[in-house]
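Report on the structure given below.
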Amino acid sequence: MKMKYPDELIQRVNAELAGHQLEGLVTGRGPRRPQLMVVGEAPGRTEIETHVPFCGAAGKELTKSLAAIGLSRDDVYITSVVRSRPYALKHVQDKRSGQIVEKRPNRPPTKREVRAFAPVFDWEVDQVVPQLIVTVGNTALQRLLGSQYTVGAVHGQLFMQPLQRSTNQLTGKYEHAIQPTPVIPLFHPAAVFYNRKLQPQIEADWQRVARYITTGE
Ligand code: URA
Numbered sequence: 199m200k201m202k203y204p205d206e207l208i209q210r211v212n213a214e215l216a217g218h219q220l221e222g223l224v225t226g227r228g229p230r231r232p233q234l235m236v237v238g239e240a241p242g243r244t245e246i247e248t249h250v251p252f253c254g255a256a257g258k259e260l261t262k263s264l265a266a267i268g269l270s271r272d273d274v275y276i277t278s279v280v281r282s283r284p285y286a287l288k289h290v291q292d293k294r295s296g297q298i299v300e301k302r303p304n305r306p307p308t309k310r311e312v313r314a315f316a317p318v319f320d321w322e323v324d325q326v327v328p329q330l331i332v333t334v335g336n337t338a339l340q341r342l343l344g345s346q347y348t349v350g351a352v353h354g355q356l357f358m359q360p361l362q363r364s365t366n367q368l369t370g371k372y373e374h375a376i377q378p379t380p381v382i383p384l385f386h387p388a389a390v391f392y393n394r395k396l397q398p399q400i401e402a403d404w405q406r407v408a409r410y411i412t413t414g415e
């Protein structure tokens with residue numbers, strides 16, 4: 199159930215992003231032709247250690263939301279648009295020893311990093327053939343549908359349009375697929391850690407996902 203990406207695609211990404219502050223590679227996982235594919239931003243530290251996407255604090259929220267609509271993690275394909283962990287380099291003074299220590303916290307991926315991983319993600323969607331894609335957070339939403347969208351404005355809406363895809367030239371531009379794919383953008387599961395008031399909205403949005411899965415509308 200773990201995805202195996204073609205070596206040449208991974209080598210191309212690694213060559214293009216050499217020198218970027220990125221580590222590891224967490225593959226997407228789940229069944230082929232699932233009812234639902236969940237697409238996040240990028241793995242964090244917990245995911246790099248376990249090689250399991252969405253297994254940290256945000257992953258626990260995601261698992262709860264899936265359970266609320268009768269799905270388990272094994273029913274859905276889970277991945278993100280960037281497959282390595284983006285980190286920042288920080289030098290901070292250790293309170294006890296007074297020594298300067300290096301920290302490597304998670305950071306959001308840059309547009310260039312998302313673009314470099316686009317051929318890998320596009321290949322993955324072609325393999326998985328999901329009936330519905332749920333993007334969680336702005337990074338996945340904008341990668342798939344375009345930079346004009348924000349999750350705050352369109353969460354819980356059903357989009358039926360061709361996904362953005364990478365072009366063969368690494369120009370930074372995307373083109374559009376031919377076939378439409380249903381997409382429902384949702385808030386990132388970590389959003390509630392910063393704003394508890396989003397909880398009812400997130401639950402209502404997952405009910406919208408459940409409706410699509412049961413009725414196809
Ligand atoms: N956030 C993501 O977008 N993906 C993960 O795997 C974990 C946290």
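Following this note's numbering from start to finish, the sequence shown increments by one per residue and tops out at 415. Even glycine gets a Cβ: it sits at the ideal position worked out from N, Cα and C. If you're wondering where the values come from, they're calculated on a predicted model, not measured in any experiment.
Give a single yes or no on whether residue i has its beta carbon closer than 8 Å to a heavy atom of the ligand URA.
i: residue 240; result: yes
i: residue 251; result: yes
i: residue 353; result: no
i: residue 245; result: yes
i: residue 228; result: no
i: residue 257; result: yes
i: residue 222; result: no
i: residue 386; result: yes
i: residue 282; result: no
i: residue 345; result: no
i: residue 334; result: yes
If you measure between the beta carbons of residue i and residue j, is that distance less than 9 Å?
i: residue 321; j: residue 204; result: yes
i: residue 386; j: residue 257; result: no
i: residue 334; j: residue 379; result: no
i: residue 245; j: residue 253; result: yes
i: residue 391; j: residue 255; result: yes
i: residue 283; j: residue 222; result: yes
Determine the direct distance from the alpha carbon of residue j to that of residue i, and round the result to whole angstroms.
i: residue 226; j: residue 275; result: 7 Å
i: residue 384; j: residue 347; result: 12 Å
i: residue 366; j: residue 349; result: 28 Å
i: residue 331; j: residue 364; result: 18 Å
i: residue 358; j: residue 397; result: 26 Å
i: residue 294; j: residue 303; result: 20 Å
i: residue 401; j: residue 329; result: 21 Å
i: residue 327; j: residue 362; result: 15 Å
>> Please give the ranges of any beta strand (DSSP E) in the region 371-410, keeping only runs that are unbroken, at least 3 residues long and fully inside the region.
In response: 372-384
> Where are the beta strand (DSSP E) runs, 3 residues long or more, that stay fully inside the region 290-368, in chain order?
Replying inline: Within the region 290-368, the complete beta strand (DSSP E) runs of at least 3 residues are 298-301, 331-334, 357-364.
>> Threshold first: 3 residues or longer. Then list the beta strand (DSSP E) segments lying entirely within the region 226-270, N to C.
In response: 235-238
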